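The next block holds one structure in the form of structure tokens; read it before the comments.
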Ligand code: R5P
């Protein structure tokens with residue numbers, strides 16, 4: 007691995023502890039102005055300083071993130087279908103690597119839809135993007151997207167993560183599941199987990215992150231469970247404690263409550 011690739015990868019997974027808290031705000035690329043992310047700049051601004059990196063599309067990056075930020079940018083470069091379209095898995099590469107470099111991206115993210123109608127297309131895109139990334143020393147984050155008819159179990163997620171690794175991705179994002187350690191065991195790359203749809207209890211989000219880390223995940227790449235929560239800053243701080251300080255669920259929940267109280271007191275003042 008050359009210096010540029012190593013340097014950029016170290017901004018995704020921090021070498022200090024081998025972990026990462028990536029803030030995902032790329033959802034609009036297929037969901038439109040989804041709840042909590044209607045005005046991306048408003049969602050991103052208070053959270054940015056707590057993120058190790060920001061996962062975003064070029065459109066939101068250009069319009070809604072201050073270019074003086076020192077938070078590394080993970081650029082989503084796949085898309086082409088929306089939630090009301092024919093098939094979400096029909097994704098292509100939507101961004102040239104040259105433009106990603108102009109935007110100073112340190113990593114490129116692309117979804118693969120293993121088992122879907124467009125499996126071959128999305129896997130070919132991954133292989134192509136890996137070749138492009140290798141040319142310029144930019145790591146690739148493979149997002150193991152799960153189609154409606156696919157189950158998020160260890161068997162399926164192990165398959166998707168392993169395929170991504172074999173095709174040359176550098177980091178994989180997947181979902182937490184029962185027997186998650188099997189997914190980790192079968193994938194020679196760092197795995198980070200998405201949060202998925204908003205969970206009703208905050209403690210369930212913390213438990214999900216805690217269990218994933220305990221079973222070998224290198225961190226989280228979370229969106230909705232942070233910025234759809236009543237107190238997004240409190241949630242990201244609590245998640246940071248789990249990922250970077252090995253806090254347990256109770257310790258992280260205490261951090262969350264403390265931050266919530268602090269915020270509500272400062273509103274009253
Ligand atoms: C899909 O919309 C994106 O790749 C998201 O970045 C990913 O699903 C993580 O976000 P969430 O925690 O909301 O699932």
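Numbering (this note's numbering), first residue to last: 7 to 275.
Note that beta-carbon positions come from the ideal geometry of N, C-alpha and C, so glycine has one too.
None of these values were measured; they are calculated from a predicted model.
*Find the nearest neighbour of residue 215 within the set 206, 201, 38, 205, judged by alpha-carbon distance.*
201
_Going by DSSP, what residue range makes up the alpha helix (DSSP H) through residue 34?_
34–37
*Whose C-beta lies closer than 8 Å to the C-beta of residue 212 among residues of the same chain, with five residues either side of it excluded?*
Excluding sequence positions up to five before and after residue 212, its CB lies within less than 8 Å of the CB of 244, 245, 248, 255, 258, 259, 262, all in the same chain and listed in chain order.
*Assign residue 100 to one of three DSSP states: helix, strand, or coil.*
When DSSP states are grouped into helix, strand and coil, residue 100 belongs to the coil group.
*Can we count residue 231 as close to the ligand R5P, meaning its CB is less than 7 Å from some heavy atom?*
yes
*Local conformation of residue 247 per DSSP, three classes*: helix
*What do you get for residue 227, buried or exposed, if any count of 16 or more other CB atoms within 10 angstroms of its CB means buried?*
buried
*asked:* Can you find the residues in the same chain that come closer than 8 Å, C-beta to C-beta, to residue 48, ignoring five residues on each side of it along the sequence?
replied: The beta carbon of residue 48 sits closer than 8 Å to no other beta carbon from its chain once the five residues preceding and following it are set aside.
_Through-space distance from residue 207 to residue 266, alpha-carbon basis_ = 15 Å
*Every unbroken alpha helix (DSSP H) within the region 36–116, with a cutoff of 4 residues, ordered by chain*: 46–53, 64–70, 103–108
_residue 272 classed as buried or exposed, judged by whether at least 16 other C-beta atoms fall within 10 angstroms_ = exposed
*Given a cut-off of 8 Å, decide if residue 176 and residue 63 are closer than it, judged by their beta-carbon atoms.*
no
_Bridge partners for residue 195 per DSSP, in chain order?_
DSSP, once it has assigned bridges, lists no residue as partnering residue 195.
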